[in-house]
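Novice:
There are 2 protein chains.
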Amino acid sequence: MQNRHIILKQRPDGLPRLTDFALEDSPIRALEEGEFLVANSFIGLQPAARIRMGTGDSYAAPTPLGTPPYGQTVGRVVQSRHPGFAEGDHVALEGAWESHTISKGEKAWAFDPQIAPESYWLGCLGVSGMTGYVGVKEILKAQAGETIVISAATGAVGHVAGQIAKAIGCRVIGVAGGAEKCAAAVTEFGYDICVDHRDPAFAERLAEACPDGIDLDFENVGGPVRDAVWRLMNPFGRIAICGLISEYNAEGAVSGPSWQLALARRLTVRGFLLRDHLELRPDFIAEVSDLLAKGAFRTRETITDGIEKAPSAFIDMLQGRNFGKALVRV
Amino acid sequence: MQNRHIILKQRPDGLPRLTDFALEDSPIRALEEGEFLVANSFIGLQPAARIRMGTGDSYAAPTPLGTPPYGQTVGRVVQSRHPGFAEGDHVALEGAWESHTISKGEKAWAFDPQIAPESYWLGCLGVSGMTGYVGVKEILKAQAGETIVISAATGAVGHVAGQIAKAIGCRVIGVAGGAEKCAAAVTEFGYDICVDHRDPAFAERLAEACPDGIDLDFENVGGPVRDAVWRLMNPFGRIAICGLISEYNAEGAVSGPSWQLALARRLTVRGFLLRDHLELRPDFIAEVSDLLAKGAFRTRETITDGIEKAPSAFIDMLQGRNFGKALVRV
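Same order as they appear, the protein sequences are chains A and B.
Here this note's numbering is used: the first residue of the first sequence is 1, the next is one more, and so on.
Here this note's numbering is used: the first residue of the second sequence is 1001, the next is one more, and so on.
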């Protein structure tokens, strides 16, 4: 049995290119006690994988050259020497761009495919969805009646954040790229308004959409989108930094907005990573499963077939060509 | 009876110049019911007054041309039609660069000159000191054993913040300009180390002073000093933006540091203004009075004689030429 995987051949310079990656097969080693082997069905593509392809200051070790980039996966256990995971179990786990993953059970969760399809456990019920949930509920502590702006509004994180914020009773303003995504944000995901950041008059459109200013910013994008939001923040506004996808391909450090406004308006800006909040997983699964069961929650996925297409699907995602969670079917 | 005051003649372009101000006398009007008149003994000079001399985005209305710049004052009540303040009372209040202030009692506090000299109620027991107290205790919630960096370490706010943090049990690192201030920070105010930001190797010296990184930043300065602190912040570090004195004279918005580090290290950055925390005043007065009574608290003032000297004293302060609280004796 072979493990088919994509390796990082060289560190990308700006936007990754196909030549930064290569497809390889390698034999699967025998399991040790306490390990299990998963045959992956889907690989989740995450913007954070781009951060790890560089060597800059980050919260995770860089992906070593010659090894597969980081990615959550879902699949079934095909061999087990681990007491908590049995052959046939459906699991979501911290894997990589590979057909098979050996796990010791850390950051691996069995799930019930009766609740939702397998792929959902990488998307709206997976780390992306949970990131949206944690940002809105735990970091921003969004309250009914507050105006929240969510950038990358239809993305894997954003579309969950938006629906959680709506369920709380916020006024929910999305930012997305292009008319199609903006329309879907409103009709599918319940955003009150969604503003197209490709519109040359984006900043003015955003201001019109937020006549009472912005109380909360769920920041996924950074750069000029963030700067336009920043200027509209209300006194005592809270900002959760979840991602800065527009900055990941940049060379060197990108400046942030002026701190004088943070002082004048007494803003709170807080960076967060899901890994520090994993104790909230049961609450998250219960809440989103409940919304799904009631038909009060919508999701979208962009599925690419074939592990050999993972690099091109990843590059597309970094350019915003996906809609909802970007997945590769192995 | 005349009110002698300094007016803002024109808005400064960068560092204020003496020609931006003028000395004037005007008659004092009769009191209305609910007002009292204070003969000011001291005027406190605050960096925030520079913000109000511009017209940029700020938390306070700009000082109108032809009127006196903002400044806290202390003095004695010489006439009163207010039930809460009697002739002879010692009061600290929100005044201006003027010999006499008419107050309705908002943001005015009677004080007991037996506890500490009159001028202290503008400095270590006044709004400057209370800002240091609120930042350390309420905004940063400093804990024993944490490493805190305080910029403008010997300034009106900083020297109080430093002593409060030391009393909590923090490791307290100061940043100040010049050997004299750095020495005094350690010998007078109990800083563990104070690093000179004028040293060309400042960033290296700061890193050496913080071998375990920085948990808390009490930011008074902004600019390159802030940027050096930023790079040394530990995961889950907290940053209180109290002031950005190095940026107040700049034209246009000054960029802040990269948000990617705030995300990677899960930092919390929070701007604050004293006005939102006035309910803590009794706690603050009790704590600092107690430290003063025990001889466990030191302070410094730079007093300039004559209201006509207020502009030059203010310009000196913006360049860091004062030591501790900058005051004008009327």
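Even for Gly, the Cβ is constructed at its ideal location relative to N, Cα and C.
Closer than 8 Å, CB to CB, is G169 of chain A near chain B or not?
Specialist: no
Novice: Give, in chain order, every unbroken run of the alpha helix (DSSP H) that is at least 4 residues long and sits entirely within the segment 1193-1261 of chain B.
Specialist: 1202-1209, 1223-1231
Novice: Got a sec: is the Cβ-Cβ distance from T1268 of chain B to anything in chain A below 8 Å?
Specialist: yes
Novice: Quick one: measure Cβ to Cβ for S26 of chain A and N40 of chain A, integer angstroms, because I've assumed they're closer than 8 Å.
Specialist: Not confirmed; about 15 Å, so no contact.
Novice: Please state whether DSSP places P1282 of chain B in a helix, a strand or coil.
Specialist: helix
Novice: Using beta carbons (cut-off 8 Å, strictly below), is A61 of chain A in contact with chain B?
Specialist: no
Novice: Between P211 of chain A and the rest of its own chain, which residues show a CB-CB distance below 8 Å, the 5 nearest in sequence each way excluded?
Specialist: none
Novice: Counting only Cβ-Cβ distances shorter than 7 Å, please list the residues of the segment 1218-1249 of chain B near chain A, keeping chain order.
Specialist: G1222, I1241, L1244, E1247
Novice: With 8 Å as the threshold, decide whether the Cβ of V1149 of chain B is near any Cβ in chain A.
Specialist: Taking Cβ atoms only, chain A never reaches closer than 8 Å to V1149 of chain B, which makes this a no.
Novice: Under three-state DSSP, which class holds A176 of chain A?
Specialist: strand
Novice: With distance defined between alpha-carbon atoms, name the residue in A:E308, A:H82, A:G135, A:G145 nearest to R1266 of chain B.
Specialist: A:G135
Novice: Spatial neighbours of I164 of chain A within its chain, please: CB distance less than 7 Å, with the 5 preceding and 5 following residues excluded, ordered by chain position.
Specialist: G132, Y133, V136, K137
Novice: Counting pairs of beta carbons, one from the segment 272-284 of chain A and one from the segment 1009-1023 of chain B, are three or more of them closer than 8 Å?
Specialist: no
Novice: Which residues, in order along the segment 199-216 of chain A, keep a beta-carbon less than 7 Å from a beta-carbon of chain B?
Specialist: none
Novice: With contact counted as at least three CB pairs below 8 Å, one residue from each stretch, are the segment 1268-1275 of chain B and the segment 1290-1305 of chain B in contact?
Specialist: no
Novice: So, helix, strand or coil for P1027 of chain B, using DSSP?
Specialist: strand
Novice: Report buried or exposed for A953 of chain B, applying the criterion of at least 16 other Cβ atoms within 10 angstroms of its Cβ.
Specialist: Past the edges of chain B, shown from 1001 to 1330, lies residue 953 of chain B, and the structure says nothing about it.
Novice: Would you mind reading off the limits of the alpha helix (DSSP H) that contains D1333 of chain B?
Specialist: Residue 1333 of chain B is absent from the model: chain B starts at 1001 and stops at 1330.
Novice: With three or more C-beta pairs closer than 8 Å as the rule, is the segment 1216-1233 of chain B touching the segment 1145-1157 of chain B?
Specialist: yes
Novice: Considering just the uninterrupted stretch of the beta strand (DSSP E) at G95 of chain A, what are its terminal residues?
Specialist: 90-96
Novice: Under a three-way DSSP split, which group does Q46 of chain A fall into?
Specialist: coil
Novice: How many Å lie between P64 of chain A and L8 of chain A at the Cα?
Specialist: 8 Å
Novice: According to the neighbour-count rule (16 or more other Cβ atoms, all chains shown, within 10 Å of its Cβ), is R1226 of chain B buried or exposed?
Specialist: buried
Novice: Do the segment 283-291 of chain A and the segment 1021-1035 of chain B meet, that is, are 3 or more Cβ pairs less than 8 Å apart?
Specialist: no
Novice: Our contact map puts L37 of chain A next to V78 of chain A with C-beta atoms below 8 Å; I'd like the distance itself, whole angstroms only.
Specialist: Their Cβ separation, rounded to whole angstroms, is 5 Å, which keeps L37 of chain A and V78 of chain A in contact under 8 Å.
Novice: Should S255 of chain A be labelled buried (16 or more other beta-carbon atoms within 10 Å of its own) or exposed?
Specialist: exposed
Novice: Does chain B have any CB closer than 8 Å to the CB of L52 of chain A?
Specialist: Correcting the residue identity first, residue 52 of chain A is Arg in this sequence and not Leu. Not one chain B Cβ lies under 8 Å of R52 of chain A.
Novice: Mind listing the chain B neighbours of R4 of chain A? Cutoff is C-beta to C-beta under 7 Å, in chain order.
Specialist: None at all; the shortest Cβ gap to chain B is about 31 Å.
Novice: Which one or two residues does DSSP pair with S1080 of chain B in a beta bridge?
Specialist: The partner list for S1080 of chain B (beta bridge, DSSP) reads B:F1036.
Novice: So with Cβ pairs under 8 Å, would you call I1257 of chain B a contact of chain A?
Specialist: It is Pro, not Ile, that sits at residue 1257 of chain B in the sequence shown. Cβ-Cβ to chain A under 8 Å: yes for P1257 of chain B.
Novice: Nearest chain A C-beta to G1034 of chain B closer than 8 Å, yes or no?
Specialist: no
Novice: Going by beta-carbon coordinates alone, are R1205 of chain B and G1177 of chain B separated by less than 8 Å?
Specialist: No, these two residues do not count as a Cβ contact at 8 Å.
Novice: Evaluate the contact criterion for the segment 1154-1161 of chain B versus the segment 1315-1325 of chain B: three or more CB pairs, one atom per stretch, below 8 Å.
Specialist: Judged by Cβ distances under 8 Å, the segment 1154-1161 of chain B makes contact with the segment 1315-1325 of chain B, as three or more pairs qualify.
Novice: Go ahead and label R81 of chain A buried or exposed: buried means 16 or more other beta carbons lie within 10 angstroms of its beta carbon, across all protein chains shown.
Specialist: exposed
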